[in-house]
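Residues in the sequence shown are numbered consecutively from 72, following the working numbering.
C-beta: ideal position from N, C-alpha, C; glycine also.
On a predicted model such as this, the values are computed, not experimentally measured, just so you know.
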Amino acid sequence: MRASVSIVPVPALITCMHPQTVVMFRAIPLAPYVPRLLLAGLFTVASMSWFNPERYYHPSDVSQVSNNFDVGDVIGSGSYGNVYRVELKSNREKVFAMKEISRNSMPQLIATELRILRNYGGVCNIMKMYAAFREQDRVFIIMDYFPHDNLDEIMDTLTNVEILAYMRNLLIALNYLHSKGVIHRDIKPNNFLYNRKEGRFSLIDFGLAQIHEPKNSSILKTSTGSATNVNQSNTVKETSMCHSKDHSVLVSGDENARGTEKKSESHVGEPSSSKNNDEPCSCLSQPRVCVKCVKMPFNPVPRAGTPGFKAPEVILRSTNQTCAIDIWSAGMVFLSMCARKHPIMRPIDEQDAIVQMAMIFGSEEMTQLAKKCNHELQIDMRTVTRYGFDLVKFARYVHGGLDSQPPPEQPCATCRGLIYDNDKGHCMCFSSFETSLGDLPQDERMMMEVVRNALHVSPEKRYTAEMLLTLLQ
Numbered sequence: 072m073r074a075s076v077s078i079v080p081v082p083a084l085i086t087c088m089h090p091q092t093v094v095m096f097r098a099i100p101l102a103p104y105v106p107r108l109l110l111a112g113l114f115t116v117a118s119m120s121w122f123n124p125e126r127y128y129h130p131s132d133v134s135q136v137s138n139n140f141d142v143g144d145v146i147g148s149g150s151y152g153n154v155y156r157v158e159l160k161s162n163r164e165k166v167f168a169m170k171e172i173s174r175n176s177m178p179q180l181i182a183t184e185l186r187i188l189r190n191y192g193g194v195c196n197i198m199k200m201y202a203a204f205r206e207q208d209r210v211f212i213i214m215d216y217f218p219h220d221n222l223d224e225i226m227d228t229l230t231n232v233e234i235l236a237y238m239r240n241l242l243i244a245l246n247y248l249h250s251k252g253v254i255h256r257d258i259k260p261n262n263f264l265y266n267r268k269e270g271r272f273s274l275i276d277f278g279l280a281q282i283h284e285p286k287n288s289s290i291l292k293t294s295t296g297s298a299t300n301v302n303q304s305n306t307v308k309e310t311s312m313c314h315s316k317d318h319s320v321l322v323s324g325d326e327n328a329r330g331t332e333k334k335s336e337s338h339v340g341e342p343s344s345s346k347n348n349d350e351p352c353s354c355l356s357q358p359r360v361c362v363k364c365v366k367m368p369f370n371p372v373p374r375a376g377t378p379g380f381k382a383p384e385v386i387l388r389s390t391n392q393t394c395a396i397d398i399w400s401a402g403m404v405f406l407s408m409c410a411r412k413h414p415i416m417r418p419i420d421e422q423d424a425i426v427q428m429a430m431i432f433g434s435e436e437m438t439q440l441a442k443k444c445n446h447e448l449q450i451d452m453r454t455v456t457r458y459g460f461d462l463v464k465f466a467r468y469v470h471g472g473l474d475s476q477p478p479p480e481q482p483c484a485t486c487r488g489l490i491y492d493n494d495k496g497h498c499m500c501f502s503s504f505e506t507s508l509g510d511l512p513q514d515e516r517m518m519m520e521v522v523r524n525a526l527h528v529s530p531e532k533r534y535t536a537e538m539l540l541t542l543l544q
């Protein structure tokens with residue numbers, strides 16, 4: 072059953088001052104069909120409803136671009152738009168990255184991205200913005216050109232030193248943003264660029280970001296450190312992925328969302344009330360959704376992000392999503408790096424994501440979180456564990472494969488049934504985690520301590536970026 076999220080457009084009108092001026096924002100009532108490219112560079116991002124998707128123009132067709140830059144190859148693309156390598160015509164030695172924002176982006180999201188880059192870019196591993204301009208329905212951002220490695224290609228060769236440096240630098244960026252009340256909402260390897268040769272990092276793509284306004288708690292206010300460089304060292308090889316078998320999950324109290332990688336923001340509603348109906352649900356373990364579940368109330372809350380990196384409270388549609396959702400996403404990145412496998416989770420939809428989380432991190436924590444979100448989570452217990460996996464063993468087996476380990480003295484029937492191709496019954500039950508953690512070398516133990524405390528299912532138990540940084544000292 073696909074759930075729909077109501078999207079309420081907000082007529083956000085923003086203005087920016089272009090070249091070599093301070094970017095300024097204010098709301099002004101301009102007609103959406105009239106371009107406002109003034110001599111001083113003033114522009115307005117207005118309603119995008121007039122966009123014709125069948126029309127396409129190269130960036131050089133825009134006068135602001137052609138007058139100032141030579142446009143090179145596309146160096147990045149996605150749902151956010153395209154990124155081009157451009158050279159400044161007045162000085163060919165100056166190279167920049169120019170992002171053309173997707174014309175399907177909501178104006179309010181464009182406004183937020185520009186504000187964040189203007190106010191916080193250029194420090195603490197956050198991408199620096201030099202200018203922004205608009206022509207009709209096309210918006211461009213001029214940023215640093217940042218040569219970087221594809222993390223997917225080097226994942227299996229990363230050293231512990233490099234992983235620790237990556238962790239530290241991403242947490243430095245998040246610590247700074249969170250201290251300003253900014254939630255990135257889409258932390259993943261593709262959005263934290265890594266230049267392996269120079270040991271430099273840069274957090275990009277704030278197209279889904281939002282300013283967090285806490286309900287009952289104060290925003291984290293901390294000072295930040297500086298980025299730490301890394302040295303090259305030995306390589307590690309071989310990857311293998313574990314898969315879950317058939318599963319069934321049902322979230323009562325809300326319709327389940329499926330298969331959409333990114334959704335635009337919507338207004339957060341009040342929590343829905345769970346109806347304690349004695350009539351049992353009839354679709355548990357069945358390939359359908361029953362009438363009872365279809366009639367459950369629906370909460371239109373923010374659920375943007377990338378599958379495999381979304382925090383559990385996002386998938387369960389909590390109405391109190393905080394900066395902790397970025398910490399979860401960072402934790403999933405770190406777990407992937409420790410296992411030298413990207414990504415760890417490949418959910419086909421949000422039901423599948425819930426089952427994979429329940430299997431790796433335990434059904435008990437997921438069920439408790441669902442209750443806090445005013446939902447009743449029903450999972451076929453034959454497909455998950457109650458307390459989750461020993462993450463040290465899990466990362467080791469994902470990296471080297473089950474066959475790389477000696478046969479267990481006593482096979483585990485639970486893990487044999489849960490883990491793909493685990494005929495020998497290698498045990499990964501959570502009960503052995505502390506022992507496994509204590510047996511690790513110091514650098515690996517430090518890495519796994521960060522992973523463990525970043526991946527608490529409960530956002531209240533999850534460490535902040537500042538707290539995680541103390542583990543890396």
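Going straight from the alpha carbon of E50 to that of I398, what length do you get?
Because the chain here runs from 72 to 544, residue 50 falls outside it and cannot be looked at.
Tell me whether the beta-carbon of T393 lies closer than 9 Å to the beta-carbon of C444.
Position 322 of the sequence shown, counting from 1, holds the residue named residue 393. Position 373 of the sequence shown, counting from 1, holds the residue named residue 444. Contact: no.
Would you list, in sequence order, the uninterrupted beta strand (DSSP E) runs of no fewer than 3 residues that lie entirely inside the stretch 230-290?
263-266 and 271-274
Say whether chain B places a C-beta atom closer than 9 Å to the C-beta of Y128.
No chain B appears in the structure shown, which is made up of a single protein chain.
Considering only DSSP beta bridges, list what E158 is partnered with.
Position 87 of the sequence shown holds residue 158. Partner(s): D141 and V166.
Nearest to I146 by CA position, among K170, G496 and L242, is which residue?
Position 75 of the sequence shown, counted from the first residue, corresponds to residue 146. Ranking the options by Cα distance to I146, first place goes to K170.
In the DSSP assignment, the alpha helix (DSSP H) including F211 goes from what residue to what residue?
By one-based count along the sequence shown, residue 211 stands at place 140. From DSSP, F211 is part of no alpha helix (DSSP H) but of the beta strand (DSSP E) over R209 to D215.
Assign R417 to buried or exposed, taking buried as 16 or more other Cβ atoms, counted over all protein chains shown, within 10 Å of its Cβ.
Taking the first residue of the sequence shown as 1, we reach residue 417 at position 346. R417 comes out exposed.
So what does DSSP say about F380, is it helix, strand or coil?
Sequence index remark: in the sequence shown, residue 380 carries index 309 (1-based). Three-state result, F380: coil.
Could you pull out every residue in the same chain whose Cβ sits closer than 6 Å to the Cβ of F432, ignoring the five residues on either side in sequence?
Working through the sequence shown from its first residue, we reach residue 432 at position 361. The residues are G459 and V528.
Sequence-distant residues of the same chain with beta carbon closer than 6 Å to N138, five excluded per side
Residue 138 sits at position 67 when you count from the first residue of the sequence shown. Once the five neighbours on either side are set aside, N138 has no close Cβ partner at all.
Are at least three pairs of beta-carbons, each pair with one atom in the stretch 274-283 and one in the stretch 257-264, less than 8 Å apart?
yes
For the beta strand (DSSP E) containing Y468, list its first residue and its last residue.
Start at 1 with the first residue of the sequence shown, and residue 468 comes out as number 397. No beta strand (DSSP E) contains Y468, which is instead part of the alpha helix (DSSP H) from L462 to G471.
Report, in whole angstroms, the separation of the C-beta atoms of V154 and F140, which I expect to be a contact under 8 Å.
Residue numbering aside, residue 154 sits at position 83 when the sequence shown is read from its first letter. Residue numbering aside, residue 140 sits at position 69 when the sequence shown is read from its first letter. Actually they do not touch by this definition, with Cβ atoms about 13 Å apart.
What residue range does the alpha helix (DSSP H) around F501 cover?
Here the question's residue 501 lines up with position 430 in the sequence shown. Run containing F501: none; DSSP gives neither H nor E here.
Alpha-carbon spacing of D423 relative to N240, whole angstroms:
As a first step, residue 423 must be located in the sequence shown, where it is residue number 352. As a first step, residue 240 must be located in the sequence shown, where it is residue number 169. Each residue's alpha carbon lies about 31 Å from the other.
For I212, is the classification buried or exposed, using 16 other Cβ atoms within 10 angstroms of its Cβ as the cut-off for buried?
Translated into positions along the sequence shown, residue 212 becomes position 141. Around the C-beta of I212, 16 or more other C-beta atoms lie within 10 Å, and the residue is accordingly described as buried.
Do V253 and Y191 have their CB atoms nearer than 9 Å?
Residue 253 sits at position 182 when you count from the first residue of the sequence shown. Residue 191 sits at position 120 when you count from the first residue of the sequence shown. Cβ atoms of V253 and Y191: closer than 9 Å.
On the DSSP letters alone, give me the boundaries of the alpha helix (DSSP H) that Y191 sits inside.
Residue 191 sits at position 120 when you count from the first residue of the sequence shown. Counting along the chain, the alpha helix (DSSP H) containing Y191 begins and ends at P178 to Y191.
Closest to Q357 by C-alpha separation, out of I172, S502 and D451, would be which residue?
In the sequence shown, residue 357 corresponds to position 286, counting from 1. Selected option, being the one with the closest Cα: D451.
Indicate the three-state DSSP secondary structure (helix, strand or coil) for S148 in the structure shown.
Sequence index remark: in the sequence shown, residue 148 carries index 77 (1-based). Strand, per DSSP.
Quick check on this structure: which residue in M214, A466 and D257 has the alpha carbon closest to the alpha carbon of S475?
The sequence position of residue 475 within the sequence shown is 404, counting from 1. Of M214, A466 and D257, the residue nearest in Cα terms is A466.
Residues bridged to A202 by DSSP?
Along the sequence shown, one-based indexing puts residue 202 at 131. Per the DSSP secondary-structure output, A202 pairs in a beta bridge with I213.
For T159 and L526, what's the separation of their Cα atoms in angstroms?
Sequence index remark: in the sequence shown, residue 159 carries index 88 (1-based). Sequence index remark: in the sequence shown, residue 526 carries index 455 (1-based). Note that residue 159 is Leu in the sequence shown here, rather than Thr. Each residue's Cα considered, the two are about 44 Å apart.
So is H554 buried or exposed if we call it buried at 16+ other beta carbons inside 10 Å?
Here the chain covers residues 72 to 544 and nothing more, so residue 554 does not appear.
Alpha helix (DSSP H) segment containing D223, residue limits
Along the sequence shown, read from residue 1 onward, the residue named residue 223 stands at position 152. The continuous alpha helix (DSSP H) containing D223 extends over residues L222 to I225.
With H, G and I counted as helix, E and B as strand and the rest as coil, what does DSSP make of I197?
By 1-based counting over the sequence shown, the position of residue 197 is 126. Residue state, collapsed to three classes: strand.
Count the other CB atoms within 10 Å of the CB of L245; is the residue buried (16 or more) or exposed (fewer)?
Reading the sequence shown from its first residue, position 174 is the one you call residue 245. Counting Cβ neighbours within 10 Å, L245 comes out buried, since at least 16 surround it.
Have a look at C361, P512, E384 and Y468 and flag the residue whose alpha-carbon is nearest the alpha-carbon of A410.
Position 339 of the sequence shown holds residue 410. When only C-alpha atoms are compared, the closest one is Y468.
Give the secondary structure of E171 by DSSP, where H, G and I count as helix, E and B as strand, and everything else as coil.
Looking up residue 171 in the sequence shown gives position 100. Reduced to three states, the DSSP call for E171 is strand.
Given this structure, state the Cα-to-Cα distance separating A168 from G496, to the nearest angstrom.
Within the sequence shown, the letter at position 97 stands for residue 168. Within the sequence shown, the letter at position 425 stands for residue 496. Each residue's Cα considered, the two are about 51 Å apart.
Could you tell me whether the Cβ atoms of L540 and L242 are closer together than 9 Å?
In the sequence shown, residue 540 corresponds to position 469, counting from 1. In the sequence shown, residue 242 corresponds to position 171, counting from 1. Yes.
Cβ distance (whole Å) where N493 is taken to contact C500 below 8 Å:
One-based indexing of the sequence shown puts residue 493 at position 422. One-based indexing of the sequence shown puts residue 500 at position 429. Actually they do not touch by this definition, with Cβ atoms about 12 Å apart.
Buried or exposed for R97, going by 16 or more other Cβ atoms inside 10 Å?
Along the sequence shown, read from residue 1 onward, the residue named residue 97 stands at position 26. Confidence at R97 is low in this model, with a pLDDT of 32, below 50, so the placement of that residue should be treated as unreliable; the coordinate-derived value is given next. So R97 ends up on the exposed side.
Taking 6 Å as the limit between beta carbons, can you name the residues of its chain near V339, skipping five residues before and five after?
By 1-based counting over the sequence shown, the position of residue 339 is 268. Residue placement at V339 is flagged as unreliable, the pLDDT there being 37, under the threshold of 50; the coordinate-derived value follows with that caveat. Short of 6 Å from the beta carbon of V339, and not among the five residues preceding or following it, lie these beta carbons of its own chain, in chain order: V372 and T390.
Are R186 and A375 closer than 9 Å when you measure CB to CB?
Within the sequence shown, numbered from 1, the residue matching residue 186 stands at position 115. Within the sequence shown, numbered from 1, the residue matching residue 375 stands at position 304. Not closer than 9 Å, so no.
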